[in-house]
Structure formats: structure tokens, C-alpha cells
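Okay, structure first, notes after.
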Amino acid sequence: MSRPLLELDKINSFYGPVQVHFDLSLHVNAGEIVCLLGGNASGKSTTMKTILGLMRPRSGTVTFDGQVISGLETPRIIRAGIGSVPEARRLFGAMTVRENLLMGAFIRNDAAGIRDDLARVLGLFPRLHERLGQRAGTLSGGEQQMVAMARALMGRPRLICMDEPTMGLSPRFVDVVLELIATINREGVSVFMVEQNASLALQIAHRGYVLQTGRIALSGPAATLARDPRIRDAYLGGEVAA
Amino acid sequence: MNWGTWLDYTVNGLVIGNIYALLAVGLALIFGVANLINFAHGSIYTVGAYVGWVCITHLHLPLLLTVPLVLLASAVLGVAIERLALRPLHNASRIAPLLATIGISLVLDQVTQLVFTPNPRALPSPLPDWRFQIGGGSIGTLDVLILAVGLGTAGVLYAFLRFTKLGWAVRATAQDMDAAKQMGVDTNRVNMSVFAIASALGGLSGMLVGMYYNNIDPGMSFDATLKGVVAQIIGGMGNVPGAIAGSLLLGLIESYGIALFGTSYRNLFAFVLLILILIVRPNGLFSSAKETPPEPMTGSFVARGKPLAIPRPVLVAVAVLAVFVPFVDSDYVVQTATNALLYGLLALSLTLVAGTVGMVSLGHAGLLAIGAYASSLMAIELGLPVTLSIALAGVVTAVIGTLLVFPAFRMRGHYVSIATLAIGQIVALVILNWNSLTRGPIGISGIPPLSFAGIPLYDAPQAYWFVLVVVVALALLQARVLSSHLGRTWRALRDDDVAARAHGIATDRYKAMAFAFGGFGAGVGGAVTAHLYSYINHETFNAQISVLALTIAILGGLGNITGALLGSVLLVGLPEVFRGLAEYRMLIYGVVLLLLIRVRPQGLLGTA
Ligand SMILES: Nc1ncnc2c1ncn2[C@@H]1O[C@H](COP(=O)(O)OP(=O)(O)OP(=O)(O)O)[C@@H](O)[C@H]1O
Ligand SMILES: [Mg+2]
Numbered sequence: 371m372s373r374p375l376l377e378l379d380k381i382n383s384f385y386g387p388v389q390v391h392f393d394l395s396l397h398v399n400a401g402e403i404v405c406l407l408g409g410n411a412s413g414k415s416t417t418m419k420t421i422l423g424l425m426r427p428r429s430g431t432v433t434f435d436g437q438v439i440s441g442l443e444t445p446r447i448i449r450a451g452i453g454s455v456p457e458a459r460r461l462f463g464a465m466t467v468r469e470n471l472l473m474g475a476f477i478r479n480d481a482a483g484i485r486d487d488l489a490r491v492l493g494l495f496p497r498l499h500e501r502l503g504q505r506a507g508t509l510s511g512g513e514q515q516m517v518a519m520a521r522a523l524m525g526r527p528r529l530i531c532m533d534e535p536t537m538g539l540s541p542r543f544v545d546v547v548l549e550l551i552a553t554i555n556r557e558g559v560s561v562f563m564v565e566q567n568a569s570l571a572l573q574i575a576h577r578g579y580v581l582q583t584g585r586i587a588l589s590g591p592a593a594t595l596a597r598d599p600r601i602r603d604a605y606l607g608g609e610v611a612a
Numbered sequence: 005m006n007w008g009t010w011l012d013y014t015v016n017g018l019v020i021g022n023i024y025a026l027l028a029v030g031l032a033l034i035f036g037v038a039n040l041i042n043f044a045h046g047s048i049y050t051v052g053a054y055v056g057w058v059c060i061t062h063l064h065l066p067l068l069l070t071v072p073l074v075l076l077a078s079a080v081l082g083v084a085i086e087r088l089a090l091r092p093l094h095n096a097s098r099i100a101p102l103l104a105t106i107g108i109s110l111v112l113d114q115v116t117q118l119v120f121t122p123n124p125r126a127l128p129s130p131l132p133d134w135r136f137q138i139g140g141g142s143i144g145t146l147d148v149l150i151l152a153v154g155l156g157t158a159g160v161l162y163a164f165l166r167f168t169k170l171g172w173a174v175r176a177t178a179q180d181m182d183a184a185k186q187m188g189v190d191t192n193r194v195n196m197s198v199f200a201i202a203s204a205l206g207g208l209s210g211m212l213v214g215m216y217y218n219n220i221d222p223g224m225s226f227d228a229t230l231k232g233v234v235a236q237i238i239g240g241m242g243n244v245p246g247a248i249a250g251s252l253l254l255g256l257i258e259s260y261g262i263a264l265f266g267t268s269y270r271n272l273f274a275f276v277l278l279i280l281i282l283i284v285r286p287n288g289l290f291s292s293a294k295e296t297p298p299e300p301m302t303g304s305f306v307a308r309g310k311p312l313a314i315p316r317p318v319l320v321a322v323a324v325l326a327v328f329v330p331f332v333d334s335d336y337v338v339q340t341a342t343n344a345l346l347y348g349l350l351a352l353s354l355t356l357v358a359g360t361v362g363m364v365s366l367g368h369a370g371l372l373a374i375g376a377y378a379s380s381l382m383a384i385e386l387g388l389p390v391t392l393s394i395a396l397a398g399v400v401t402a403v404i405g406t407l408l409v410f411p412a413f414r415m416r417g418h419y420v421s422i423a424t425l426a427i428g429q430i431v432a433l434v435i436l437n438w439n440s441l442t443r444g445p446i447g448i449s450g451i452p453p454l455s456f457a458g459i460p461l462y463d464a465p466q467a468y469w470f471v472l473v474v475v476v477a478l479a480l481l482q483a484r485v486l487s488s489h490l491g492r493t494w495r496a497l498r499d500d501d502v503a504a505r506a507h508g509i510a511t512d513r514y515k516a517m518a519f520a521f522g523g524f525g526a527g528v529g530g531a532v533t534a535h536l537y538s539y540i541n542h543e544t545f546n547a548q549i550s551v552l553a554l555t556i557a558i559l560g561g562l563g564n565i566t567g568a569l570l571g572s573v574l575l576v577g578l579p580e581v582f583r584g585l586a587e588y589r590m591l592i593y594g595v596v597l598l599l600l601i602r603v604r605p606q607g608l609l610g611t612a
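So the protein lines, in turn, are chains A and B.
Residue numbering for the first sequence follows my numbering, beginning at 371 and increasing consecutively.
Residue numbering for the second sequence follows my numbering, beginning at 5 and increasing consecutively.
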């Protein structure tokens, strides 16, 4: 089997004296959707920050496409081909939807390609079409989530990292967003997503990991995990019997 | 006044407004991306003015060459400041960069003064001196140039932010730095570019102002920073178009104010307007939200560190030794020691307010002024015994000071510092303008000397002992209070005032108590100073003293009583001991401040 697209190897990370990750290792193969499950404060967002270079692990390495990216500055990591849909979306609220999408293409210089991608992305998210001139801060939560995903796509990443893309959305919108993630993936983008909503995430994911206080407690193919009774306890915050 | 005169005042207001706009726009850009009020901005403006002066009067360069050189030199300076002094502070507490810019401004101003001497210089406008008559008023070539530069800059800036990639990066970084990074924006480069642009405009502003008044001097920095900050707050912090509108408004208000009331009122309008805006519309005139923009908890605004425990016998021994200082038999040494102790009183007060309660005041010298005037006037006009007038002055200062700062009690972080700075300036300006009470610019002379039980204390050792007793008594009292329930409540406010309020603590009342306590000490300090000097005026207790007091409090460790006294002795005493250094005083203060922030942000003895 070829090397994984993204690989975290024995990551130990800290906030001051507090250790968040304990020898955390996981990987994402090209073409996969991998979800990271886990209860509150288990260290999911910290995993994202570590991949994106917003935080440095004390030890361990993050490798993307054969290149060690832990230690690089965030902009360099983005340029290497990773897109980000941050926790709570983090749109540029005072900028229009269009400007937000174009910010997503900040690392690119091919004007024609950007224009084509804008059209392509709007094809995926038709709702955004009529909102292009609206300030992003005034959109509904679901629409904002779409902008965040579309924005990440505009950079033509090979891997998109999403932190709780369904957070705060109505059940109907959750389905829409998950379907969109599957669509994005079918177009060839690998996805690494953090979710609390395990049963839904596992419907579209290929594989999953369950994080518990900074350690991988369970992992495996999505279908297997979905049937595992221990999963339910885990993301509700209970102990996973190892 | 006729129409022509009004027109002249309007042109003048717009010209000044454009000059403020060049400053304020830069401050807004910097606040946007770096979340920082750049107190060194006025110093760059001064450097710009001097670069212009060298180019025009010494090198005889045409304006078309001078302007690019001024822009370039100022931009390089701005980039150097960002790169060398501010970027290393990225992970420091929120107040660190703000204090660093204060340190930088002290250093730059003193260097400018050393290079170019403190004397004012003429900076003649190289433009032909034509005046165009319109509707009874007139407008000169320089007016036209400044208006054109202002308009042109606004246009270029708009195009930059709207249509260039770097401009987009600036806007995105200002809204959410982490999100911008995740779009691949190199935010360090954005920061540096913003400092370059802001500084270039600031320098240009300084040169234009120099030409407008045909006068520049190294002392013009502070006022420029303040005006820029005021204009920016009127328009809303970090809001670039708001900064331009705020500047024009400020320029017009000042100009009409001068027309109606006279020049000495000019700054009073600016600062009263600032306070009003901070209270009524903290987001600026042009923004709808009423809430103050989020600022960090005061606790995280200040650097923290464990206090060093100094054994009680050591403290007692030092106090006893201090009694014997006058036996060195040198009036100079004794006077210096007295001076250090007086600064100690001020620092004790500030370390309480800024360190224990977490409200970093930049206008503390205003309290000295209130105490000084109160005691002098009571002694002279009412004939009160000096000891009594000093004590009463403390009470008066406690009351007035608390009332003045009251509007700032709900503010946080930066806003407290700006509000207190403005309040300090307002005190000085009221003193300047309230002729009937304060004798205005003439000041008060013939203030009776310190006395005890009716016996005047004429010689230096007696005055020293008097001050020593006051300092020791107030320091002990403060230590006592800090270890009581009240002290714990104060620290709770500092660490999280929202939580404190949620727990039913009347935060305003506790902050008032802190300011009353601190105001009393500072008022007594000012009063004693007045009786020692025998002459005071509205400039005796200026903003430099406020900055020095803050440096002392930080040097000792914010909140730390022993630290405040140690800091005073070190910062006020040492430059005097090495007499040659006195000339480089502000430079030393600036460097000390910069080093401290970098190396030991918790101060020598640690925060308490
Ligand atoms: N900036 C920070 N400073 C200090 N501690 C932090 C910081 N961010 C997170 N933590 C702590 O690290 C631990 C892991 O946080 P993280 O945000 O990674 O959890 P999470 O799994 O994403 O939780 P949630 O499901 O609530 O988003 C938590 O205990 C949290 O309190
Ligand atoms: Mg999280």
C-alpha cells in the first residue's frame, strides 16, 4: 500500500504544563474521508491546530504527502495543499461572500483558474449564488458553513480539514452538509473531519478514530465502528473499554 | 465674525483634520491587524518632520524628492519597530506591546532631541506663497497641498484595500488573524506592511504639520499620538474610513472651538470629546453596536508572576537605613532621595490601581496635580497649616480623582489606558484654563514650605524625613489593606471582573475604593511636592511623569508595594547619582521599559 497522504506520528502536545495528546498517531489515505470522534475536551480541535501549524507539538511529526510539515508556519502548510474549515467557521464577517471565497484562493495566482473554480464551487453550493454580494456575517449558520467549505475548496487543496462542520446546524442542514462533504470527496479531495455526531459522520466516512483524553481509544473502518456498541458511550463521554 | 473668517476657520479645520487623518489612518490599520495602540506613532511623525527639515533646509531638495524620502525613512523606521521590538512579543501578555511602544517613543523622542537639539526649528514650505481669495476667505498653496495629499491618500488607501492582494490580506487579518493564516496569508508580512504604510503616512503628516506651522520640535510627538488616537476612537478603533471622518470632525471642532473660545481650549475639546465617545459610543460614531468591543480580561492584560518574598527583617533594616540617608551630608543626595520617595508615593498609588485592580492608568500625574493645587490653594487662600492642607489635599484628590475616573470603571484593557490618559490631560487643561482658581498659565508661586506642628521644615534632611514618614506609613497601610478581604476582592476584580460581578460584587464600588485609596496617596505626594518646590504650574505634573510612574511600577512588579519603592529609588535615584546620565534620562527609561517587557515582564520583585 502507498504512503498515506497525511500522517501524524507519536504527537505529544501541551498547553503550558497540561498535556493534551499522548503519543497520538493517525493517518489519512488519499481519497479517504476520515473522521475523528470524541467527547468534549478530548483534544480534537487541538489535533486540527497541530496539523494546520497553529500549534507546535512538543514531540512527534506531521507528514503531508511525504513532506514533514510540523514546524512549518500555517501559511506554508496551506500552500502545501491543505484546506481548512475551522471550528465555528471563522468567516471574514465584514467581507462579502464573494470576497470570502476569493480569500480562499489567496494562495493561487491563476486568475482564469480561480474564476472557473468560483463557478464550479457555486455549482456545488447553488444557494450561495444569490448571496454573493452579501456580507458573510449576515448569513444563517448553515449558509455560513457552506461558505466556509466553499472557501476551503477555492484553494484547490488535496486534503480538507474540517472541525465540527455540522455544529449548530438544524438536522436538515446537517444532512445537506454531510452530503456535500461526500460530494467534495468524490471529486477527489481527501477529508479529515472532527465530529461529535458520530453516527452521522460514520455514514459518509471511510474510516474513523475515537479520541479519548488525548489517546486513540478505538479505530477502524466506519462500518465496523458504527456497529460498535462502545462508540455510543465514547462520544457521550463515557469510558471506552479497551 | 463674518463669513470670510468662518471660511478661514473651516479651511484650517479641514487642513488640520487631514493631518490628523494621516496619523489616525495608520493607527487604525495597526490596531486592526495587530490589536495594538501604537504610542510610538507620534514619534515617527516627529522623525518624519525632521527628515523633511534636513531635506529641505540642508540638502535643498525639491518637495518632489523630499516627500518620497520622508515616506521611505518613516516606513523603514516603522518596519524596524515592528520587527525588532514588537514581533518578539507575540506571545507576551496583551499590555506588553502597548508598553513597548511607549518605551520606543521615549527612546525615539530622546534620540531626536539629542541629534537635533531640543530647540524648535523652522521648516519653511518650499511652495510659492500664493493665496486664492474665495468668498471673503482665502486658501493658500500649502492648504491645497495638504488637502490634496489627504484626499489622494484616502483614494490610494481605498484602492489598496479593495483591489490589491495585500490589501485583501490586510482586511482579512484585521478581521480574524488565525482564519487569515488558514487561507495561506503570511500575517507577519501583513503586519510589517501595515507598519510600513502607517509609519510612512505618519512621517508625511509630521512634515506637513511642520510646514504648516513653519515650526518643528522634538516635543511634538506626544500631542500627535494623542490626536491620532482621539480621531481613531471617534471613528471606531481599527475602522479606516471612520478614522478619516473622525479626524476631519476633530479638526473642525478644534478650529471652531479656537474661534469661539481661544487657543488654550483647543485640546480640552479633543479630550472631552474622547471621554464622551468612550462612554456613549465606545465603538465609535459610525458603528451601530453599543457594547465596547471585546477586550481581554484585565487580568490577562497584565503580565503575571509570583512575587518574591522579602523577609521582614530585611525590610525593617532597609527602612532604618533610610532614616540615616541625610547623614551623608550632601543636600543634593538628600534632595534626590526625597524626590525618589515622592515618586514612590505615586508608584504605590499606581501599582495599586494598575497592578492590584488591573486598571492600567496612563494619567496618574493628574492626581499629583490635583493634590498639589488643592494643598497650595488651601494653604495660601485659606491660610490652613501645611500639614492639614496636605492631608485635606489627599482627601480632595481621592474624591475628585475617583469621580473623574468613574466613567472608565466599566472599560477594559486599552480603553482604560486611553481614558485615563485623556483624563490626565483634561486635569492639566482645566488647570490651565480655570484662571480665577488656578491662576492659569502663570501658575502658583509662594507656596509655603513643609511644616510640622507649625515649625517650617526648611532644610533638606527635615523634608526628607517628613516624606519618609509619609511613605512608610502609606506603604504599611497599603500592605495591610492588600492582605485583608478588600485586597482579595480587588484581585478578584482584576482577574475576572465579569465573574466578580456575577458573584454579586459591586465592582464599581470596589474600583472606586481603590481609586480613592490610590488618589489619597498620590494627592498627598503632589501636595508635598508643591510645598517643596514652592512654585507649580499646569505643566509641573505632565504626562511624562505618568509614564515614568508606570515604568517604575512595572520595574518593581505591578501590584508589588516593595517593588514600587525599589523601582522609584532605582529609576529616579540612579540617573541622578551618575550625574552625566541625567541628560539621557528618558532614553534610559525607555530602554529599561523595553528590556523589562522583553526579559522580565513580571518586574524585579514579581507581580502581587
Ligand atoms: N488555548 C488553550 N489554552 C489552554 N488549554 C486549552 C486551550 N485550548 C484547549 N485547551 C484545553 O485542551 C483540551 C483539549 O481541547 P480541544 O479544544 O482540543 O478539545 P475538543 O476535543 O476540540 O473539545 P470540543 O468538543 O469541546 O470542541 C481541553 O481540556 C481544553 O480545555
Ligand atoms: Mg473542538
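Built from N, CA and C at the ideal position, the CB exists for glycine as well.
In the structure shown, Asn382/A falls within a strand segment according to DSSP collapsed to helix, strand and coil.
Linking Leu282/B to Val561/A through their CA atoms gives a straight-line distance of about 47 Å. Secondary structure at Gln566/A: coil, using DSSP grouped into helix, strand and coil. Chain-ordered listing is empty here: chain B has no CB closer than 8 Å to the CB of Met519/A, the nearest sitting near 13 Å. One thing to note: Val83/B has its Cβ within 7 Å of the Cβ of Phe199/B. For Tyr24/B, the closest of Pro132/B, Gly458/B, Ala202/B and Val502/B by C-alpha to C-alpha distance is Ala202/B. Rounded to the nearest whole angstrom, the CA to CA distance from Leu93/B to Leu208/B is 28 Å. With contacts defined as CB atoms closer than 7 Å, Ala204/B and Ala79/B qualify as a contacting pair. Taking all protein chains in view, the Cβ of His64/B is surrounded by fewer than 16 other Cβ atoms within 10 Å, so the residue is classified as exposed. Distance from the CA of Tyr269/B to the CA of Ala152/B, rounded to the nearest whole angstrom, comes to 28 Å. Proximity to Ile421/A across Gly453/A, Ser412/A and Gln582/A peaks at Gly453/A, based on C-alpha coordinates. In its chain, beyond the 5 residues on either side, Asn42, Phe43 and Ala44 have a beta carbon closer than 6 Å to the beta carbon of Thr105/B.
In the structure shown, the three-state DSSP call for Pro92/B is helix. Under the Cβ distance rule, Val189/B counts among the residues neighbouring chain A, one pair being separated by less than 7 Å. Along the segment 439 to 462 of chain A, the positions whose C-beta sits under 8 Å from a C-beta of chain B are Glu443, Thr444, Pro445, Ile448, Arg449, Ser454, Pro456, Arg460, Leu461 and Phe462, read in chain order.
For Gly261/B against Phe273/B, the beta-carbon gap comes to about 4 Å, under 8 Å, which counts as contact. The beta carbon of Lys380/A sits no closer than 6 Å to any heavy atom of ligand 1. For the set Val111/B, Ala369/B and Gly171/B, the Cα lying nearest the Cα of Leu433/B is the one of Ala369/B.
Scanning the segment 412 to 472 of chain A for uninterrupted alpha helix (DSSP H) segments of 4 residues or longer gives 414 to 422 and 444 to 449, listed from N- to C-terminal end. The beta-bridge partner set that DSSP reports for Glu377/A consists of His397/A and Thr433/A. Not a single CB atom of chain A sits nearer than 7 Å to the CB of Gln606/B.
Counting C-beta pairs with one atom in each stretch, the segment 364 to 379 of chain B and the segment 585 to 602 of chain B have fewer than three that are closer than 8 Å, which means they do not touch. The three-state reading of DSSP puts Ala575/A in coil, since its state is none of H, G, I, E or B.
About 6 Å separates the beta carbon of Met215/B from that of Leu146/B, a gap short enough to meet the 8 Å contact definition.
Taking one beta carbon from each stretch, the segment 371 to 388 of chain B and the segment 530 to 540 of chain B have 3 or more pairs nearer than 8 Å; the two touch. At a cut-off of 6 Å, the beta-carbon of Lys185/B does not count as near ligand 1: no heavy atom of the ligand is closer than that. For a Cβ distance threshold of 8 Å, residue set Met187 and Gly188 of chain B lies close to Ile477/A, ordered along the chain. For Pro411/B, there is no enclosing beta strand (DSSP E), as DSSP marks it with neither H nor E. Cβ contact annotation for Leu73/B (same chain, cutoff 6 Å, sequence separation greater than five): Cys59, in chain order. For Gln236/B, no chain A residue has a Cβ inside 8 Å of its Cβ, as the nearest lies near 17 Å away.
Around the CB of Ser572/B, 16 or more other CB atoms lie within 10 Å, so the residue is classed as buried.
Between Thr116/B and Pro286/B, the gap from beta carbon to beta carbon reaches 7 Å or more.
Within the segment 166 to 177 of chain B, contact with chain A at the beta-carbon level (separation under 8 Å) is assigned to Lys169, Trp172, Ala173, Arg175 and Ala176. For Ala593/A, there are no neighbours in chain B by C-beta distance under 8 Å, as the nearest C-beta there is about 32 Å away. Counted as a single uninterrupted DSSP element, the stretch harbouring Ser142/B is not any alpha helix (DSSP H) but the beta strand (DSSP E) occupying residues Gly141 to Gly144. Per DSSP, the unbroken beta strand (DSSP E) holding Phe136/B starts and ends at Arg135 to Ile138.
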